[in-house]
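Notes follow the structure.
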Amino acid sequence: MVTNLDAPAKAGLSIQTRAVGHWFDSKDGRLDVLDDVTIDVEPGEFVALLGPSGCGKSTLLRLIAGLEAPRTGKVGADKIRIVGPDPSRLLVFQDPTLYPWRTVRENVALGLEATGQIKGSQARIDQALDLVGLRDFAGALPNELSGGMAQRAALARVLVNNPRLLLLDEPLGKLDSLTRMTLQAELVKLWKDAGFTALLVTHDVEEALLLAQRILVFSPRPARVVREIRVGAAYPRHRDAPELQALRREILVSLGHDHEL
Amino acid sequence: MNSIAETDRFALLGASSQDKSAPILPPLWRGGLAAAAGWAVAASLTWFWPDLTPWARTDLLALLELGVTLLLAAVALSGGGRFALIHPYNRWFGALAGILTLWQVLTAKTGLLPLPFFPPPQSILEVYTDDAARLFESVWRSLFLLIPGYAIGGILGFTTGALIGWSKAANYWGHPVLRFVGPLPATAWLPIAFFFFPGSHSASTFLVGLATFFPVAVLTASGVKGVNSAYYDIARTLGGSERFLILKVAVPAALPNVFVGLFMGLGSSFAVLIIAEMMGVKAGLGWYLQWAQGWAAYANLYGALIVMALLFSGLISLLFFVRDRVLAWQKGIVRW
Ligand SMILES: Nc1ncnc2c1ncn2[C@@H]1O[C@H](COP(=O)(O)OP(=O)(O)OP(=O)(O)O)[C@@H](O)[C@H]1O
Ligand SMILES: [Mg+2]
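Residue numbers (the numbering used here), protein chains in the order written: chain A, -10 to 250; chain B, 1286 to 1621.
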C-alpha cells in the first residue's frame, strides 16, 4: 500500500455552516437533529467530528454533501451556497452499500463512469484498489467480501475521484485494529499529498486525535458544538504521545465519560 | 522417530495400494445399468406380447425402447465423464420405462382402458411419424405468434414499468390504470381484439403482448420503486446524471423483479396463445388440439399436448437460463 493517487489540480474546499438547524418529521412530531450548528473549515484542514450515537453527525455530513437541504440556516463550500451534490464533495457513507451487481473494480469505477472520465482511467482505478489493498479482489462481487473489505472498497470508490472535500462517516469502523492503523496512516499521507479538506466522523477518540488538526465535540441530539479542540502535534503522530493522552482525557470528559475504566 | 517413520510407511503403503486399485475400467453407473435393464424388459414386452388388435407402430416402439436400453447401457458402462450430470436421475429413467410399460399393458396389450379415450403409446408414436408435418407446422405457427407478441409486450411493459417506477407524474397517471386494468385476464379482451384488429394474427399478437405487458410493467415498477435510496445517494454524489441513475442504478437494481414479471408474463401468454389459436387463428398447437378433438383423434390430442409441454417448458428453461446469466451476481438465486 504505497501508491498515491495523483494530486488534484485544485486544493481543498472550505466549508461554512451558519446557524444550521435540521429536523425530521416523525409520527410523534418533530425530531430535532441539528441545533444552531455553525462551523468553519479551512481549505485543506482535517477536522474530526465526535459525538454520541444518534446525535446527528451523519445528517450534518449529508447536508454538506448536498444530499439534503438544511431546514434553517445555510451550508456553503468556498462561500458558495450548496444546493446539491457535486463530485468535488464526496461522502464515504457509514454503510458501504456497494452495488451488488458490480464487481469491486466496477464499483470503484462508478464515479469516473458517471462523469464520463472512464476512458484511460484504468491505472487510476488500479492505484485506488492498491491503496485499500483490494487489487486481488478487483473481480470479486460485493457479496463475496467481508464487512471490512466492503468498507475499504467504498473508500476506494470515493478516493479514485480526487475530491476536494472528503466527508468520512466512520469509514474505518468495521476494520480490525491493524488494518485500521494502516489505513489511518494512508489517509493522513493521502491528505498531506493531495491537499483535500477532510471531515471525519468517528466514535473513536484516539482516531480523531491521530488524524485531525481540530476536533469538534457535539452534544447529544439535537447536536450542537459543545467543544472545540486543536491538536497541534506534528504528523506522523504516535498514539502514545503524552500530549495526545492529555487531550484524550479532556475529550472524554466533554463527552460525559469522566470515569476511567 | 521410529514410530513416525512407521506411520509414514503406512501412509505410503496406503497411497500405493490405492493407486493400484485406481480405475483401469471407469467406475460403473449402477443406477444406469438398472434403468437399462428396465428398458430392456419394456422392449421385450412390447415386442413379444402381441397387441390385442395390431397397431402399426408397435415394432417401432420396441426398437426405440431397445435404443434407449443400449444408450443407457453405453453411458452406464462408460462411467462418469460428461454424462455424470444425468446420473442422479437414474430412478427417473427406470420409472419412465415402468410407466410406459404399464400404459401399454393397460391399453394395447389387454384393452383394460377403453379406446378411443386411452390410446396406447404406439398410436401416439404413429401421430409423430404420420402427422409430423402438420405438427411441425403447428409448432412453427405457434412460435410465430408467441415470440413477437411476447417481445413487444415485454419491451413495452419494461419501459412503462420503469417510467412509472421512476417518475412521479407517470406513477400518478399510470399506476391507477395498471391497478384497474391489469387484473383483467388478457383472454377477456379476445372478442374486442378480434373485432378491432384487421386479422386474427395481429389480434392474437396483441393479446399475447397484453398478457406479457401487465406483469412485466407491474413488477418492473415495483422493482424500481423499491431500489435502496442509498444507491441513488451514492450515484448522485459521484456526479451521476438522471440518465445514469435510471440506466446504471434503477434498472440493474430492479432486474430481479423484471425477470419475475417476464416469467409470469410467459405463463399467461401461453394461455392466451392457445385460446387465441382455438378461437380465431386456425393454426398452431391450440388449433391442432381443437382439430384433433373434432375428429375424436385422441392420440393426436395427447401427442400435441406432449409437444406443447416440451415446447413451453423449454421456453421457460430458456428464460431461466438467460436470467441466471444476467443475474449471476445474485446469491442463492431461486431455481425453477
Ligand atoms: N431520514 C431520516 N428520517 C427520520 N429520522 C432520521 C433520518 N435520518 C436520521 N434520522 C434520525 O436523526 C437522528 C440523527 O441521525 P444520524 O444518523 O445523523 O446520527 P449519527 O450521529 O450519525 O449517529 P451514529 O453515530 O450512530 O451514526 C437519529 O435519531 C435518527 O433516528
Ligand atoms: Mg452516523
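Heads up, the beta-carbon is just placed ideally off N, CA and C, and yes, glycines get one too.
Open item on the list: With a threshold of 8 Å between beta carbons, is Ala54 (chain A) in contact with chain B?
Closed with: Translated into the one-based positions of the first sequence, residue 54 (chain A) becomes position 65. Answer yes: the Cβ-Cβ gap between Ala54 (chain A) and chain B drops below 8 Å somewhere.
- [ ] Taking only runs that begin and end inside the stretch 30 to 101 of chain A, name each unbroken alpha helix (DSSP H) of 4 or more residues, in chain order.
- [x] 46 to 54 and 93 to 97
Task: Within chain A, partners of Ile1560 (chain B) - CB distance below 9 Å - done: Position 275 of the second sequence, counted from the first residue, corresponds to residue 1560 (chain B). Those within 9 Å of Ile1560 (chain B) in chain A number zero; the least Cβ separation is about 38 Å.
Open item on the list: Between Asp158 (chain A) and ligand 3, is there a pair consisting of the residue's CB and a ligand heavy atom that are separated by less than 7 Å?
Closed with: Ligand 3 is not part of the structure shown, which contains ligand 1 and ligand 2 as its ligands.
Open item on the list: Counting only Cβ pairs nearer than 9 Å, list the residues of chain B close to Thr86 (chain A).
Closed with: Translated into the one-based positions of the first sequence, residue 86 (chain A) becomes position 97. By Cβ distance, chain B contributes Asn1513, Ala1515, Tyr1516, Asp1518 and Ile1519.
TODO: Within the same chain, show all residues whose beta-carbon is closer than 6 Å to that of Leu233 (chain A), passing over the 5 residues directly before and after it, in chain order.
DONE: Mapped onto the first sequence, residue 233 (chain A) falls at position 244. Contacts found: Leu198.
Open item on the list: For Leu1398 (chain B) and Lys1510 (chain B), I'd like the C-alpha separation in whole angstroms.
Closed with: Residue 1398 (chain B) sits at position 113 when you count from the first residue of the second sequence. Residue 1510 (chain B) sits at position 225 when you count from the first residue of the second sequence. So the alpha carbons of these two residues sit roughly 56 Å apart.
Task: the stretch 52 to 62 of chain A contacting the stretch -1 to 11 of chain A, beta-carbon criterion three pairs below 8 Å - done: yes
Open item on the list: In the DSSP output, what is Asp158 (chain A) paired with across the bridge?
Closed with: Here residue 158 (chain A) is taken as the residue at index 169 of the first sequence, counted from 1. In DSSP, Asp158 (chain A) forms a bridge with A:Val190.
Open item on the list: For chain B, check one thing: does any of its Cβ atoms lie closer than 8 Å to the Cβ of Trp90 (chain A)?
Closed with: Locating residue 90 (chain A) in the first sequence gives position 101, where the first residue counts as 1. Cβ-Cβ to chain B under 8 Å: yes for Trp90 (chain A).
- [ ] Within its chain, find whatever has a CB closer than 7 Å to the CB of Ala1327 (chain B); leave out the 5 residues flanking it on each side and keep chain order.
- [x] Along the second sequence, one-based indexing puts residue 1327 (chain B) at 42. If we look at Ala1327 (chain B) and ignore the five residues flanking it on each side, its Cβ neighbours are Glu1350, Ala1382, Leu1385 and Thr1386.
Task: Whole-angstrom distance between Tyr1587 (chain B) and Ile1409 (chain B), CA atom to CA atom - done: Within the second sequence, numbered from 1, the residue matching residue 1409 (chain B) stands at position 124. Within the second sequence, numbered from 1, the residue matching residue 1587 (chain B) stands at position 302. Ile1409 (chain B) and Tyr1587 (chain B) have their C-alpha atoms roughly 7 Å apart.
- [ ] Leaving out five residues on either side along the sequence, give the residues of the same chain with a beta carbon under 8 Å from the beta carbon of Ile1560 (chain B).
- [x] By 1-based counting over the second sequence, the position of residue 1560 (chain B) is 275. Taken in chain order, the residues that qualify are Thr1472, Leu1475 and Gly1571.
Task: Nonlocal neighbours in the same chain, by C-beta distance under 8 Å from Ser1301 (chain B), ignoring five residues either side - done: Sequence index remark: in the second sequence, residue 1301 (chain B) carries index 16 (1-based). At Ser1301 (chain B) the pLDDT is 45, less than 50, meaning the model places this residue with poor confidence; the figure from the coordinates comes in the next sentence. Once the five neighbours on either side are set aside, Ser1301 (chain B) has no close Cβ partner at all.
- [ ] For Ala103 (chain A), return the contacting residues in chain B, with the cut-off set at a CB-CB distance below 8 Å.
- [x] By 1-based counting over the first sequence, the position of residue 103 (chain A) is 114. Result: Ala1520, Leu1523, Gly1524, Gly1525, Ser1526, Phe1529 and Lys1533.
- [ ] Give me the Cβ distance between Gly1316 (chain B) and Arg1376 (chain B), rounded to the nearest whole Å; I'm assuming they're in contact under 8 Å.
- [x] By one-based count along the second sequence, residue 1316 (chain B) stands at place 31. By one-based count along the second sequence, residue 1376 (chain B) stands at place 91. Rounded, the Cβ-Cβ distance is 7 Å, consistent with contact.
- [ ] Buried or exposed for Trp1580 (chain B), please, with buried defined as at least 16 other CB atoms from any protein chain shown within 10 angstroms of its CB.
- [x] Against the second sequence, residue 1580 (chain B) aligns to sequence position 295. The residue is exposed, with fewer than 16 neighbouring Cβ atoms inside 10 Å.
Open item on the list: Strictly under 8 Å for the Cβ-Cβ distance: is Trp1451 (chain B) near chain A by that measure?
Closed with: On the second sequence, position 166 is the one that residue 1451 (chain B) refers to. Answer no: the Cβ-Cβ gap between Trp1451 (chain B) and chain A never drops below 8 Å.
Task: Cβ of Gly128 (chain A) within 8 Å of any chain B Cβ - done: Translated into positions along the first sequence, residue 128 (chain A) becomes position 139. Cβ-Cβ to chain B under 8 Å: no for Gly128 (chain A).
Task: Paired residues, beta bridge with Trp12 (chain A) - DSSP - done: For the purposes of this step, residue 12 (chain A) is identified with residue 23 of the first sequence, where counting begins at 1. The beta-bridge partner set that DSSP reports for Trp12 (chain A) consists of A:Asp21.
Task: Proximity test, Leu39 (chain A) beta-carbon vs ligand 1 heavy atom, cut-off 7 Å - done: The residue you call residue 39 (chain A) lines up with position 50 of the first sequence. Incorrect: Leu39 (chain A) has no Cβ contact closer than 7 Å to ligand 1.
Task: Ser1329 (chain B) versus B:Leu1346, B:Thr1522, B:Val1360 and B:Pro1406, residue with shortest Cα-Cα distance - done: As a working note, residue 1329 (chain B) is residue 44 in the second sequence. If we check each option's Cα against that of Ser1329 (chain B), B:Leu1346 comes out closest.
TODO: Could you tell me whether the stretch 1451 to 1467 of chain B touches the stretch 1475 to 1492 of chain B, where touching means 3 or more Cβ pairs closer than 8 Å?
DONE: no
Open item on the list: Taking 8 Å as the threshold (beta carbon to beta carbon), is Gly100 (chain A) in contact with chain B?
Closed with: Looking up residue 100 (chain A) in the first sequence gives position 111. It does; some Cβ of chain B falls within 8 Å.
- [ ] Would you check if the stretch 1517 to 1526 of chain B and the stretch 1482 to 1497 of chain B touch, i.e. whether three or more CB-CB distances between them fall below 8 Å?
- [x] no
Open item on the list: Residues of chain B with CB closer than 7 Å to the CB of Leu80 (chain A), please, in chain order.
Closed with: By 1-based counting over the first sequence, the position of residue 80 (chain A) is 91. In chain order: Thr1522.
Task: Where Ile204 (chain A) sits in the DSSP three-state scheme - done: Mapped onto the first sequence, residue 204 (chain A) falls at position 215. Three-state DSSP puts Ile204 (chain A) in a strand.
Task: Nearest candidate by alpha-carbon position, reference Ser110 (chain A), set A:Gly122, A:Leu120, A:Val97 and A:Val121 - done: Numbered from 1 along the first sequence, position 121 holds the residue referred to as residue 110 (chain A). Minimum Cα distance to Ser110 (chain A) is reached at A:Val97.
Open item on the list: Which same chain residues end up closer than 7 Å to Thr253 (chain A) when comparing Cβ atoms and leaving out the 5 residues on each side of it in sequence?
Closed with: Given that chain A is displayed from residue -10 to residue 250, the structure contains no residue 253 (chain A) and the question cannot be resolved.
Open item on the list: Counting C-beta neighbours from all protein chains within 10 Å, is the total for Ala1402 (chain B) 16 or more, i.e. buried, or is it exposed?
Closed with: Position 117 of the second sequence, counted from the first residue, corresponds to residue 1402 (chain B). The sequence shown places Phe at residue 1402 (chain B), not Ala. When all chains shown are included, Phe1402 (chain B) counts as exposed.
Open item on the list: Which residues end up in the neighbourhood of ligand 1 when you take C-beta atoms closer than 5 Å to any of its heavy atoms?
Closed with: Spelled out in chain order, the answer is A:Phe13, A:Val22, A:Ser42, A:Gly43, A:Cys44, A:Gly45, A:Lys46, A:Ser47 and A:Thr48.
Open item on the list: Rounded to whole angstroms, what is the Cα-Cα separation between Pro209 (chain A) and Arg219 (chain A)?
Closed with: Residue numbering aside, residue 209 (chain A) sits at position 220 when the first sequence is read from its first letter. Residue numbering aside, residue 219 (chain A) sits at position 230 when the first sequence is read from its first letter. Roughly 21 Å between the two C-alpha positions.
Open item on the list: Distance cutoff 8 Å, beta carbons only. Does Pro225 (chain A) sit that close to anything in chain B?
Closed with: If you number the first sequence from 1, residue 225 (chain A) lands on position 236. With 8 Å as the cut-off, Pro225 (chain A) does not count as an interface residue toward chain B.
TODO: Specify the secondary structure class of Asn1287 (chain B) as computed by DSSP and reduced to three states.
DONE: Stepping through the second sequence from its first residue, residue 1287 (chain B) is reached at position 2. Note that Asn1287 (chain B) scores a pLDDT of 46, beneath 50, so its modelled location is shaky; the value from the coordinates is reported in the next line. It is helical.
Task: Cβ-based neighbour list, Ser77 (chain A), same chain, cut-off 7 Å, excluding 5 preceding and 5 following - done: For the purposes of this step, residue 77 (chain A) is taken as residue 88 along the first sequence, with counting starting at 1. The residues are Leu2, Pro152, Arg153 and Leu154.
Open item on the list: Taking its Cβ as the centre, do 16 or more other Cβ atoms sit within 10 Å of Gln1578 (chain B), making it buried, or is it exposed?
Closed with: Taking the first residue of the second sequence as 1, we reach residue 1578 (chain B) at position 293. Looking at its Cβ environment, which holds fewer than 16 other Cβ atoms inside 10 Å, Gln1578 (chain B) is exposed.
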